[in-house]
Structure formats: C-alpha cells, structure tokens
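So the sequence lines, in the order shown, correspond to chains A and B.
Each residue of the first sequence is one higher than the one before, starting from 4 at the first, in this note's numbering.
Each residue of the second sequence is one higher than the one before, starting from 296 at the first, in this note's numbering.
In this text, a Cβ means the ideal position worked out from N, Cα and C, and glycines have one as well.
What follows is a short report on a single structure.
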Amino acid sequence: MKDAFGAPQSLLVLGGTSDIAQATAHRLVARRTRTVWLAGRPSPALEKSAESLRQQGADTRTVAFDALDPEAHETALGKVFAEGDIDMVLLAFGTLGDQARDEADPLAAARVAQTNYTGAVSAGLICARALQTQGHGSLVVLSSVAAERARRSNFIYGSSKAGLDAFTQGLGDALHGTGVHVMVVRPGFVRSKMTAGLQEAPLATTPEAVAAAIETGLRRRAETVWVPGRLRLVMSALRHVPRPVFRRLPL
Amino acid sequence: MSAGVSGAAVSPGPAASGPAAHAGDHAAAHGSDPASGYASDYAPVSGWGRTAPTAALVVRPRSREEAVASLGACAGRGGIARGLGRAYGDAAQNAGGAVLDMTGLDRVHTIDADTGTVVCDAGVSLHRLMQVLLPLGWFVPVTPGTRHVTVGGAIGADIHGKNHHVSGSFSRHVRSLDLLTADGSVRTVRPGSRLFDATAGGMGLTGIILKATFRCLPVATSFMSVDTERATDLDDLMARLTATDDRYRYSVAWIDLLARGAATGRAVLTRGDHAPLEALSGLPARARRDPLAFRPRQLPAAPAFVPEGLLSRTTVGLFNEFWYRKAPRLRRGELQRLTSFFHPLDGVPHWNRVYGRGGFLQYQFVVGYGQEEVLRAIVHRIAGHRCPSFLAVLKRFGEADPGWLSFPLPGWTLALDVPAGLPGLAALLDSLDEEVAAAGGRVYLAKDSRLRPELLTAMYPRLPAFRALRAELDPEGLFRSDLSRRLGL
Ligand SMILES: Cc1cc2nc3c(=O)[nH]c(=O)nc-3n(C[C@H](O)[C@H](O)[C@H](O)COP(=O)(O)OP(=O)(O)OC[C@H]3O[C@@H](n4cnc5c(N)ncnc54)[C@H](O)[C@@H]3O)c2cc1C
Ligand SMILES: NC(=O)c1ccc[n+]([C@@H]2O[C@H](COP(=O)([O-])OP(=O)(O)OC[C@H]3O[C@@H](n4cnc5c(N)ncnc54)[C@H](OP(=O)(O)O)[C@@H]3O)[C@@H](O)[C@H]2O)c1
Chain A
4 MKDAFGAPQS
14 LLVLGGTSDI
24 AQATAHRLVA
34 RRTRTVWLAG
44 RPSPALEKSA
54 ESLRQQGADT
64 RTVAFDALDP
74 EAHETALGKV
84 FAEGDIDMVL
94 LAFGTLGDQA
104 RDEADPLAAA
114 RVAQTNYTGA
124 VSAGLICARA
134 LQTQGHGSLV
144 VLSSVAAERA
154 RRSNFIYGSS
164 KAGLDAFTQG
174 LGDALHGTGV
184 HVMVVRPGFV
194 RSKMTAGLQE
204 APLATTPEAV
214 AAAIETGLRR
224 RAETVWVPGR
234 LRLVMSALRH
244 VPRPVFRRLP
254 L
Chain B
296 MSAGVSGAAV
306 SPGPAASGPA
316 AHAGDHAAAH
326 GSDPASGYAS
336 DYAPVSGWGR
346 TAPTAALVVR
356 PRSREEAVAS
366 LGACAGRGGI
376 ARGLGRAYGD
386 AAQNAGGAVL
396 DMTGLDRVHT
406 IDADTGTVVC
416 DAGVSLHRLM
426 QVLLPLGWFV
436 PVTPGTRHVT
446 VGGAIGADIH
456 GKNHHVSGSF
466 SRHVRSLDLL
476 TADGSVRTVR
486 PGSRLFDATA
496 GGMGLTGIIL
506 KATFRCLPVA
516 TSFMSVDTER
526 ATDLDDLMAR
536 LTATDDRYRY
546 SVAWIDLLAR
556 GAATGRAVLT
566 RGDHAPLEAL
576 SGLPARARRD
586 PLAFRPRQLP
596 AAPAFVPEGL
606 LSRTTVGLFN
616 EFWYRKAPRL
626 RRGELQRLTS
636 FFHPLDGVPH
646 WNRVYGRGGF
656 LQYQFVVGYG
666 QEEVLRAIVH
676 RIAGHRCPSF
686 LAVLKRFGEA
696 DPGWLSFPLP
706 GWTLALDVPA
716 GLPGLAALLD
726 SLDEEVAAAG
736 GRVYLAKDSR
746 LRPELLTAMY
756 PRLPAFRALR
766 AELDPEGLFR
776 SDLSRRLGL
C-alpha cells in the first residue's frame, strides 16, 4: 500500500534498464519500496539493474517483456499481478529512434511508434485493469515535452509520445474514482543512455531530478508533472507560437 | 482525483426492507439490485487525514442479519468495518474489497438509568449517546477529541480520552460485546478472554463488532469545571503535569510546537471535572433550570476547496501565539460547556478540509515514564523542523490497557497534526519513530498512515499473539484493511 506520502511498497517497472526508472526505483527503495519487478527485454543489463536494487535491500525480480510483442503482455504482466498487489507501475520503456534515418526508413519509424505508443497502449490497459481490481495504485507514465508539440527535428518520436500522452490522460479520466491514480510525467532533455552523444537542450536535467519529481507527484497525487517544473511555462508559451515561426525555431 | 468520502458521506441509499435475502450475492452487493435490502456503493474511501484514498465496495448493513449476510461481499479482497471514518489513516479502508459501513446499525437498546449500563449497536455515535445519556445524568466513560466516533470505532481502536490516567481506555468500561467472526457466527465476548483482548484495539481485524454493553459515568450537569494554567516551557509543563495530574479526572496540555529557544514546549494546561450542581449558581437562570442540557454549537462547515498552504508556519505561528497569550496564567473553576472542553473542533464540520487536497496526518506516540529525555529530544526536533502544527497535545497516560494492540502505556503521549506536504516530513517522522521504538514506545495505529512496517513488532510486542489468533479464527484473511496490508498486521 502507498503511505500518506504516496510512497509505494511494491513497484513494477516496464523498461527495467531505463536510467530514469533506475533512479526512481533507487529513490523509492530508500523510502518504503521492498518489492520490485523489472520488466524488460532479457539482457545482462536488466540483471545488473535488478542486482543493484537487491544490493539496496529490495526483493527484486525480472520478467521478460517486449513492448513490440503485445500478444505476450497479458501473460507476462498477469504473472506479476498474480503474485501480489502492485502499488505503482512505472511505464518507462521508450525509444528515441533516429529522426533522419527513420524518415527514410518507414519500417524503423513504425517501430518507434509501436514501441512508444501501441506497446504502451497494450501494457497500459493491462496494468490499469489490474490496478482497478486492486482498488488502489499509481500508474506513472514517462511521456516527454516532445509530446506537447511536434517539432521538425523529432516529430516521429514526438508524435508517438503525443499519442502516449493523450492516451494516458484519457486513461486517467477513465480511472477517476476507482482508487487508481494516473500520472503523466513530461521531462525535457534528460542526460541518460537515450540522449548520450546528443547535443544538450536548454534546461537539461538528470534522471535523479526526474525521480525526485515523481516522488513529489506521488505525494500530491498529481496528474501532470513537468521536469524541470519551469518547462510547464516554457511549453505553454511555445504551444501558442504560430506555425510559420515555430517551424523556424532552432528546436 | 477526489479525496474520497468520509464514512458520514456514504449515501444511506434505499431503506432496508425485510431481511437481506440475497445479500451474500455479489451482484446485489454492487447496488444493482435495490431490493437486496441494504444499500451499497463502490466508492473512493479515505481516512480523516484524506491522504491515501482507495476504492472499495461500501456496504451498509442495517441489521444484524444484514451484517452477517454482508460477509458475502468480503469474499475476494476481504472486508473491514468502518464507523464514522475518524481514524486519520487507512484503518477503515480496504482497497478493492468491501468496507462495511456500520453506521446503519444505530439502535440504542437499553439504558439502565440506575447503574449507567448501556447496551447499543456498534454504529451508534458517542454524539448520539451524549444526547440520550446526559438528560439521564450519565456521560460516556471515555471520549476522544471528537464525539463523532462510533462505539465500534471506540472499541476497535480502544480509544483513550483526557481521563486515561484515571479511567483507562474505552474497552476497560466494556462489559461484553457481540462479535461477528469470519465463520459467520456471532460470539459474545467478555473481558478477560483472548478474543476480547485481541478485539479491543484490534483495528477491526478480528471481526465486526455488532453490539456492546458498557458502563457510563454519573454526572450532575453538562458543564465542566476547568482549571487553566500556562507553562512557560517543556520542563515547566512536565513538572506541573507530574505534580498535580492526579487531582483531576481530565487533564491535557495544548503545546505550542512552533515556539523555539527558551520557550520551546510552552503550553496551556486545561484540567478539570464535571461540574457539580452547586457550581452552576453563578449562571443565568435558564442554564440552571436545565443543568444537563446538551446543546453543541455548530459553525458553518469548512469550504470544500481550500488552497494548499493555507496553514503555513506564519499563519499557524500567529494562531499559536495568540492562543497562548489569550490563555490566563492561572484560572480556577471556570465553567465550560462540555462540548467546548472535550470537542472544540467538532464545532466546525469538515475542518479536515482546511489542509487542502494534499491532506494531513496526525503523529501520535507514547514513551514510558523515565523516558523524559526522549520526549524532550523529540519536542526539540519537531520545534526545530518548524512544523506548522496548531493542535499539539501532550498528556500523561495511566496504566496500560489489556488490549494486545491497545496504544496506551504508562507514559507521555504527544499528538500533532501536520500537513502531509511539509518538506522533509516523511524523513523526520521516520527518524522520530526510531527514537520512539528504541525507547520502548509506540505510535497509535488509529492515527497512523505512514509507519515503517519493520518497526511494528518492536512497538507492539504482543503482535505475534494477535497474528496467531487471527490465523486461527480467520485463516482465509476475510478481515483485511489497507492498514493491515501496509503494516502486515
Ligand atoms: C479530531 C479527532 C480527535 C481525536 N481524538 C482522539 C483521542 O483523543 N483519543 C483517541 O483515542 N482517538 C482519537 N481520535 C481517533 C478516533 O477516536 C479513532 O480513530 C476512532 O476509532 C474513530 O472511530 P470511528 O467510528 O470513526 O471509526 P473508523 O475511523 O471508521 O474506524 C477506526 C477503526 O475501528 C474499526 N471499527 C469501526 N467500527 C467497527 C466495528 N463495528 N467493529 C469492528 N471494528 C470497527 C475500523 O475497522 C478501524 O480499524 C480522534 C480523531 C479525530 C478526527
Ligand atoms: N532521456 C530523455 O531525454 C527523455 C526525455 C523525456 C522522456 N524520456 C522518456 O523516458 C523514458 C525512459 O528514458 P531513459 O532516459 O531512461 O532512457 P533509457 O535509459 O534509454 O531507457 C529506455 C528503456 O526503454 C526500453 N525499451 C526500448 N525498447 C523496448 C522494447 N521494445 N521493449 C521493452 N523495453 C524497451 C529499454 O530497454 P532495453 O535495455 O531492452 O533497450 C530501456 O529500458 C522513455 O520513455 C523516454 O522516451 C526520456
């Protein structure tokens, strides 16, 4: 169960090797989390992530999960929920793709969409139903500032996140009053594996900062969290910039 | 998301008509069939602190038969009894399962006007009891800081009042109770039995209390004769309480936890007893004509929406300052209405909303006599953290009560309300817990919403016996709550 501060005792991460998820899991294990499930594509990295949480004292298990294989989601995630209540699900998997290459390779572009959007729709619905049956729990979804307005430089990724973001908001409304809390997290540029080697954007932040914002959001039962918080203002301004101008902004 | 309902807000639904013929039927429990005989609803439920709402099937039995039948709704994720939802945390919630709203069992069966023995349903509130008992010259044996609690909740949490040092907890005045257990049988449980000791303070986890018999206290008036004095700091306060508490039936100190430096722990002591008839001589004729009148005053309710941060260090600090200054240095024998002495907060319905949607929590612990250093250290740490807490209460407990999970033990208890959003609060309370546990103390489960489960057995050494009895009586775990899940009770 979550406590008065929204701190969960059990956590399921979808995308177990994600840097942001790792930082969040470590932060929550330092509080009340004692049981962690890391779902992800089997790899030494996944095992390593699990091991580092075990080191910290959390009973951690891994489960095979591929966003691109929705047929298998029900079985993989069903097994986790069958073992006991999950107080928080962190949907962290995602892929940035390579905009320039993907524009020329529609199949690769579709994989970005399938990972970030349809994979999340399927996994999100399964988790939502399980949480609703429990009558409690938080579903925390890592969206992105890129979801707020599609940009020339990464609209394939951006549009997939926009879909995910809209899906999550709707799901949150659908689950209103069921005891389940749904939270959309919109980080800006985060220094992680995903952005390694890329040029930093203004207001760049860290996985630890995202983790801290998630912890606060849980306490407040927030529906939307921006990281850093100032992005909320920046994006509400950018949203209204006319297309001809927006197109030419160096974003 | 909505902050959830309090028990009082759960709709009563259609009136009961005949026995709950198919109340065991799950579909009926979902309210799809209004003819099922009891009203029910699936709704978010939270405690008084509004911190961790979860959804449950709220079932409201109206009779003993319906209560028995409502066990059917507990299959699956279990069920838990709920009174008026005044427990601060998650004691009367059960995510995904059933919550049995007991306020529909509201009959006062008998009052023996000679002995003050009352037999009533578990859903009867202490407020209602005061209405019926006072005119007969009786008062409830123990009342908490609010009279909007049920008899079931009073036994389930084994509540204490300002008279604990004299009268012990509520269950000490209980002669017997009817308990609906997991096997569907109703047992009459008397003090001295294991089941009684597990149920008193057992947070609803041994079964559903349906009815109780308990003894009341004779009173001549509905007024209190109150002595008020100020204590300049914590040491002064402890010295005053230690020296003269035994002269008073009721004793409590309101402590200003925002005062720092030399004033740390400054407080106002209010102690007293029920006023005898003679004491009313100075009152207007109207009051004297009806000395046992019970007329609680009601102010408008707190608004439904309050911005977070209304209660800041500044506003609460000002309030505390004002309230300390306005208290007399020393005043004896002041007549106060019973309700202003016992339940000042009940005058404002839904006052818990003033903390905004982030909610608040109450931290209450006790440490034994001889552990004054620990108490001092904790008060200094809270004051140092600048908790905007305007309702801290310090009290001395008497002998421990027999309930296995009853909270009181002979020592000092401190209770404070704090907004859940206060920065650093979670870590501060975690570390206070360590000090409390190391000193052989404990926190109060009826107030808890955040204790680290690992500390529970240290705080409640009789927990293994409690667990063993539950395993024996309720092997399937029919009775469950968010609290029991969170702490592994
Ligand atoms: C302003 C305020 C002041 C307070 N002051 C005090 C105080 O001075 N001293 C003190 O001891 N407490 C105090 N409390 C706490 C309160 O007295 C307890 O939490 C009490 O249990 C609330 O009763 P309730 O009917 O609202 O029960 P709920 O809050 O609904 O339930 C509390 C517990 O009792 C169990 N329970 C309720 N009914 C039954 C039943 N029929 N059968 C079995 N179990 C049942 C529930 O399962 C739950 O575990 C205060 C609370 C408030 C809000
Ligand atoms: N970094 C940023 O700047 C930034 C900004 C805003 C939002 N986000 C979002 O935050 C989330 C986490 O990102 P991060 O920064 O922590 O990046 P990361 O470390 O690269 O993590 C990405 C995760 O996604 C997983 N993944 C990718 N494809 C998958 C698939 N088909 N099935 C299962 N898992 C798959 C990866 O698992 P493998 O180990 O198997 O590859 C990895 O665990 C992502 O959704 C990302 O879009 C990131």
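- Residue environment: Ser239 (chain A) is assigned as exposed (fewer than 16 neighbouring CB atoms within 10 Å of its CB, all protein chains considered).
- Per the coordinates, the alpha-carbon of Glu667 (chain B) lies some 19 Å from the alpha-carbon of Leu723 (chain B).
- The C-alpha of His76 (chain A) is placed about 43 Å away from the C-alpha of Gly451 (chain B).
- In the three-state reduction of the DSSP assignment, Asp101 (chain A) falls in the coil class, being assigned neither a helical nor a strand state.
- With a cutoff of 7 Å, Gly18 (chain A) counts as near ligand 2, since its C-beta is closer than that to a heavy atom of the ligand.
- For Lys457 (chain B), the Cβ stays outside the 7 Å cut-off from all heavy atoms of ligand 2.
- Separation of Phe702 (chain B) and Phe655 (chain B) (C-alpha to C-alpha, rounded to the nearest whole angstrom) is 21 Å.
- Within the region 648-681 of chain B, the residues whose Cβ lies closer than 9 Å to any Cβ of chain A are, in chain order, Arg652, Gly653, Gly654, Phe655 and Leu656.
- Against chain A, the CB of Arg745 (chain B) has a partner CB under 8 Å away; the residue lies at that interface.
- Look at the region 343-372 of chain B: the residues with a C-beta under 8 Å from a C-beta of chain A are Gly344, Thr346, Ala347, Pro348, Thr349, Ala350, Ala351 and Arg372.
- In the DSSP annotation of this structure, Ala207 (chain A) is not part of any beta strand (DSSP E), being labelled neither H nor E.
- Pro339 (chain B) reaches chain A at Gly180 and Gly182, counting residues in chain order whose Cβ is nearer than 7 Å.
- In the structure shown, the three-state DSSP call for Asp88 (chain A) is coil.
- Under the Cβ criterion (8 Å, minimum of three pairs), the region 662-682 of chain B does not count as touching the region 448-462 of chain B.
- When DSSP states are grouped into helix, strand and coil, Thr523 (chain B) belongs to the strand group.
- Put simply, the backbone Cα of Gly772 (chain B) is about 40 Å away from that of Pro47 (chain A).
- Residue burial is scored here from C-beta neighbours: Ala24 (chain A) has at least 16 other C-beta atoms within 10 angstroms and is therefore classed as buried.
- Annotated three-state conformation of Glu771 (chain B) is coil, per DSSP.
- Taking 8 Å as the CB threshold, Arg780 (chain B) lines the interface with chain A.
- Going by DSSP, Met186 (chain A) is part of the beta strand (DSSP E) stretching over Val183 to Pro190.
- Sixteen is the threshold: since fewer than 16 other Cβ atoms of the shown chains lie within 10 Å of the Cβ of His404 (chain B), the residue is exposed.
- If the five residues before and after Val611 (chain B) are omitted, its C-beta is found closer than 6 Å to the C-beta atoms of Pro683 and Phe685, all from its own chain and listed in chain order.
- The nearest non-hydrogen atom of ligand 2 is 7 Å or more from the C-beta of Thr752 (chain B).
- Bounds of the beta strand (DSSP E) holding Asp416 (chain B) are Thr412 to Asp416.
- Under the three-state reduction of DSSP, Ile504 (chain B) is assigned to strand.
- Within the region 390-423 of chain B, contact with chain A at the beta-carbon level (separation under 8 Å) is assigned to Ala390, Gly391 and Gly392.
- As the crow flies, the alpha-carbon of Gly373 (chain B) is around 33 Å from that of Gly18 (chain A).
- Note on Lys457 (chain B): 16 or more other CB atoms within 10 angstroms of its CB, so buried under the neighbour-count rule.
- Under DSSP, Tyr650 (chain B) shares a beta bridge with no residue.
- Sixteen is the threshold: when 16 or more other Cβ atoms of the shown chains lie within 10 Å of the Cβ of Leu475 (chain B), as they do, the residue is buried.
- Trp343 (chain B) has its Cβ nearer than 7 Å to a heavy atom of ligand 1.
- In this chain, His139 (chain A) is not harboured by any alpha helix (DSSP H), its DSSP state being neither H nor E.
- Residues of chain A whose Cβ lies closer than 7 Å to the Cβ of Asp769 (chain B) do not exist; the shortest such Cβ separation is about 19 Å.
- Per DSSP, reduced to three states, the secondary structure at Val124 (chain A) is helical.
- Pairing Arg765 (chain B) with Leu490 (chain B), the inter-Cα distance amounts to about 9 Å.
- Nearest Cα to Arg402 (chain B) within the set B:Ala393, B:Val394 and B:Val413: B:Val413.
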